[in-house]
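Residue numbers (full-length UniProt numbering), protein chains in the order written: chain A, 1 to 226; chain B, 1 to 458. Glycine residues also receive a C-beta, built at the ideal position from the N, C-alpha and C atoms. Written out below as C-alpha cells is the structure these notes cover.
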Amino acid sequence: MRLLLLEDESEVATLAAGNLRKSGFTVDAVRLIDEARNMLRGHRYDLLLVDLRLPDGDGTTLIAELREAGDAIPIICVTGLDAVPDRIRGLEMGADDYVVKPVVHEELVARIRAVLRRPSTTQPRKVEVGGVGFDPGTREVTVRERPLVVPRRELAILELLIQREGRVVQRDAVESAVYGADEEVQPNTIETHVSRLRKRLGEAGADIAIHGIRGLGYMLEAKPAA
Amino acid sequence: MHRPASLARRLRVRVALLQGTVVAVAVAVHLALAWGPMVEADRDLGRLTDAVAESLTFDDDGVPRIVPSERLRELGAGARTLRFAVYDTTTGIAVEGSSPELMAALPRNARLKSLRYAEFEAPGPDGRLMPGALTRMPTPGGEYMLAAVGMQRGFVDAVRWIWAELITTLLPLLAALAVGSLLLVPRTVARALKPLDRLSAQARAIAPGARARLDESAAPREMAPLVGAVNTALDRLDQAFEQQRRFTANAAHELRNPLAVLQARVDSLTEREIKAGFQRDVARMTDLVDQLLTMARLQAGQINIESRVDLREIARTVLSDLAPLAIHGGREVALEEPPHPVWVPGDMRVLEGALSNLVLNAIDHSPEGETVEVLVRDRPDKVIEVLDRGPGLPDGVGDEIYEPFWRTEARRRGVGLGLAIVRDAMKLHGGAVAHAARDGGGTIFRLEFSDLGVSAAE
C-alpha cells in the first residue's frame, strides 16, 4: 500500500509518516500542493492524505482537480480545521473521509483500511464475533465452527446486528429487516425473537451479548473476556 | 418599561382629531353666524334708536322734527342701509325727517296705542328684509313711536353671506370627505406602514453570519436613512463575525497541529504503560481544545440553524453513540419518545453536542447498574430530559453550574465546559437548560425549546 501524505507541518509529517510506515504502509510525504501534483503524475498511489491549509493554497482545490480529471484515488482529509462548514466542503469536493487533528494513529489506520475497502463493501465478507460466524453469501451461521440452524426471522436479526457489531442498531432498522413492508409488526415480537436468538446462541456456546436498549434498539458484541 | 405608542394609532387618532376640530369649528362658526348677527343688529338698532331719539327736537311752536344729531349723521354715513321714522302715537302722523318708505312698510298693528316695544322686519333699500324695532318714546311734547330699520352691512354680514353660500354647496362635500376619510385613513395608514412590516420580516430572517441585508430600495424615503444605518451596522457586525470566525479557524489550526505532533510522538512509543498514560493525557488535552473551540464558536454565534430538526432523531443519534460507552461501564441507557416527530428549528450538530454532554455527565455520575433515561416530549413544551440516579447536585447549587470550568469534586473526567456549552447552545436556539433534583434521588436536566425565539426566522 503506497500512500501520499500532503502535510506542511514538517514535524507532523515526519512523525505521521514514521508511524504509518511502522504499520506497513509505504509513505511519501510532500509539503506543497504543487509537489503533490508532481508526485501524483509520476507514481501510482493507493491513497492520498491531505491537509486542507497549505502554504500554496487550499487542499480542497487539489481534491477538486483530481475528481474533475476523473481520478478516483481514495482521499482522506486530515486537518486542524474542524468547523462543520470546513468538513462539509472537504467531503463535497470529493474526499472519502475527514479526520480532525490530532488523530490517534490506530484510528487513522482504521479509517485508511475502511476507505481502501470501500469499493468492495458491496460483497460483505464473512464476520466472526464471540465465536459466532456468519457468511453473508450463504447466510450460514456457525458457533465454535459448528453449523447452527437459525429460524428465518432470528437469522435476519442476527445478520443485521452482527454486521454492525459494537454499534447500536435502531429498532426501526431491525423491524424493517425482519418484516416486509406489508407485514404488520406486533409489539414485543421483535423482543421475543431476540430473546430466542440469545438463548439459542448461548446454548450453542457463543460468547456473545445482545444488549437491548429500551426505546432505542439493540447492540451485539462479544462478551468481554472474563 | 414604557413603550412608545403605535405610530399607526397615532396617525389615525391625529387625523380623527383634526377632522373633529374642523367639524367643531365649522359648527361653531355656523352657530355664531346664525345667532351672532342678530346680536349685532340688536345693538345697531339700539344705537340707531338712541341716535334718532336724541335727534328729535321741537321748535318754538312745539312742532317736532328730526334734526340729525352728530351721532345719527355718523350712523347714516357711508353705505348704511338704515331708515328711521318717528310718528305721533295718537295721530299717526310722521314727524318731518322720517322715511316715507319705512312709514309705508310699518306693520298695521304698529299703531296700537298699547304697544311699548316691538320688533319687525321691513325691506331695506336693497329690497332684502331687515330687522327693525319700534320703541314708544314719551316726550314733553307728547308720546311718539320711534321706528328704526336696518343694520350695519359690515364684515359679519359679508361673512354670513359667503358662509350661507358655501355651506349649501360644501356641506355634502364635507360630509362625504369626513365619512370617506374615517373609512380610508386606517387603511391608508396601514398601507403606508407596510414597508415597515416587510423590513421587520427581513430583519428577523437575518441569521448570524448571513450576508443578508434589508432591502433599501423597498423602503420609503423617510425610512431609508434608518434602513441604511441598520445595514451599515450589519456590515460592521459581519466584519466582526468574520474576524471571529477566522480567529477560531486559525486557533483550531494552530492548537491542533502541536497536538498532532504530540499524538504522533505518543503513537510511536513502544513502552505500553508509558504510552497509555501519554495517550490519556493527549486525549484530555484534545478534549479541552475541542470544548474550547466549540465554546468559542457558540459564543460567536457560529451555528447553522435549519428550519426544522426532529428532537427524536437527535436523541436517537446521541444515545446510539453513547450506549456502548454506558454498557461497557455497566450502566444502561433508555429512550422514551412520542410516536411522531418533534420539530424545532435548530443546528443538529450543535444540539447533538449539547445533549451528548448531558448524557455523558449522567453516565459518569450514575452508579453501576443504573439506567440513564432520555425523554423527548412535545407537550406541553418541546423538551428533552436527561434523568440519572446519581448522587445529585450539592445542596444550594444554582445556575453557577453552567459557568465555564465549574466542576463537582467527584468529577472523574471532562474539562468543566460541558454545561457551559449546553447553556450557550440552548441560548442560540432561543431555549434554555434547567435542572432539578429527581424524586427518589438523582438529577434531571431539561433542554427547553421555546416556540418563540428562532422559529420566527423560518
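State yes or no: is the C-beta of residue i within less than 7 Å of the C-beta of residue j?
i                      : j        : result
A:Lys101               : B:Ala260 : yes
B:Ser55                : B:Leu72  : yes
B:Glu385               : B:Leu393 : no
A:Ile76                : A:Ile63  : no
residue 245 of chain A : A:Leu220 : Within the shown structure, residues of chain A are numbered from 1 to 226, placing residue 245 of chain A beyond reach of any answer.
B:Val309               : B:Gly346 : yes
A:Gly130               : A:Ala206 : yes
B:Asp395               : B:Gly442 : no
A:Ile190               : A:Val174 : yes
A:Asn19                : B:Ala264 : yes
B:Arg116               : B:Ser99  : no
B:Ala8                 : B:Leu196 : no
B:Val433               : B:Lys382 : no
B:Leu48                : B:Ala148 : yes
A:Gly90                : A:Thr138 : no
B:Gly416               : B:Arg423 : no
A:Val141               : A:Val150 : yes
B:Ala252               : A:Asp82  : yes
A:Leu6                 : A:Val30  : yes
A:Asp97                : A:Leu54  : no
B:Phe445               : B:His435 : yes
B:Arg312               : B:Val342 : yes
A:Val78                : A:Val99  : yes
B:Ala85                : B:Met137 : no
A:Leu48                : A:Ile88  : no
B:Thr89                : B:Met145 : yes
residue 459 of chain B : B:Val282 : The structure shown has nothing for residue 459 of chain B, since chain B only spans 1 to 458.
B:Ala94                : B:Leu75  : no
B:Pro186               : B:Arg12  : yes
Among the residues of its own chain, which have a CB less than 7 Å from the CB of residue i, if the five just before and after it don't count?
i        : result
A:Asp56  : Leu32, Ile33 and Asp34
B:Arg213 : Asn231 and Leu234
B:Pro107 : Phe120
A:Tyr179 : Val185
B:Ala105 : Ala122 and Pro123
B:Ala178 : Gln19 and Val23
B:Ser366 : Arg331, Val372, Asp388, Arg389 and Gly390
A:Leu201 : Val132, Val143 and Ile208
A:Ala156 : Ala177 and Val178
A:Gly215 : none
B:Asp287 : Val415
Based on the DSSP secondary-structure assignment, which residues constitute the bridge partners of residue i?
i        : result
B:Ile387 : A small fix is needed here, since residue 387 of chain B is Leu in this sequence, not Ile. According to DSSP, B:Leu387 bridges with B:Glu373 and B:Ile444.
B:Val149 : B:Arg83 and B:Gly132
B:Phe449 : B:Lys382
A:Asp135 : A:Glu140
A:Gly57  : A:Leu54
A:His211 : A:Met219
B:Val344 : B:Val309
B:Ile88  : For the record, residue 88 of chain B in the displayed sequence is Asp; it is not Ile. Note: B:Asp88 sits in a beta bridge opposite B:Tyr144.
Might you give, ordered along the chain, the residues of its own chain that have their beta carbon closer than 8 Å to the beta carbon of residue i, omitting 5 neighbours on each side?
i                      : result
B:Arg211               : Asp238
residue 498 of chain B : With chain B running from 1 to 458 in the structure shown, residue 498 of chain B is simply not present.
B:Tyr402               : Leu419, Ala420, Val422, Arg423 and Val433
B:Gly141               : Phe58, Gly62 and Pro64
B:Ala315               : Leu335, Glu337, Leu355, Val374, Val376 and Ile384
A:Ala13                : Leu5, Glu7, Ala29 and Arg31
Suppose the cutoff is 6 Å on Cβ atoms and the five residues either side in sequence are ignored; what does the same chain contact list for residue i look like?
i        : result
B:Glu119 : Ala133
B:Asp350 : Position check: residue 350 of chain B holds Val in this sequence, whereas Asp was assumed. Correct list, in chain order: Ile303 and Ala425.
B:Ala362 : Val372, Val386 and Asp388
A:Thr122 : Low confidence applies to A:Thr122: its pLDDT is 48, below 50, so where it sits in the model is not reliable enough to give any reading.
A:Phe25  : Met1 and Leu3
A:Val109 : Ser23
A:Gly80  : Lys101
Is residue i near the ligand ATP, going by C-beta to nearest heavy atom under 6 Å?
i        : result
B:Pro123 : As presented, the structure is devoid of all ligands, the ligand ATP included, so that no description of it is given.
Are the region 299-309 of chain B and the region 139-146 of chain A touching by the rule of at least three beta carbon pairs closer than 8 Å?
no
With three or more C-beta pairs closer than 8 Å as the rule, is the region 207-223 of chain A touching the region 153-161 of chain A?
yes
Can you list, in chain order, the stretches of the beta strand (DSSP E) that have 3 or more residues and sit fully within the region 262-333 of chain B?
306-310
Is it a yes or a no for the region 328-348 of chain B touching the region 290-299 of chain B, going by three-plus beta-carbon pairs under 8 Å?
no
Inside the UniProt domain "Response regulatory" (2-116) of chain A only - alpha helix (DSSP H) runs reaching at least 4 residues
10-22, 33-42, 59-68 and 84-92
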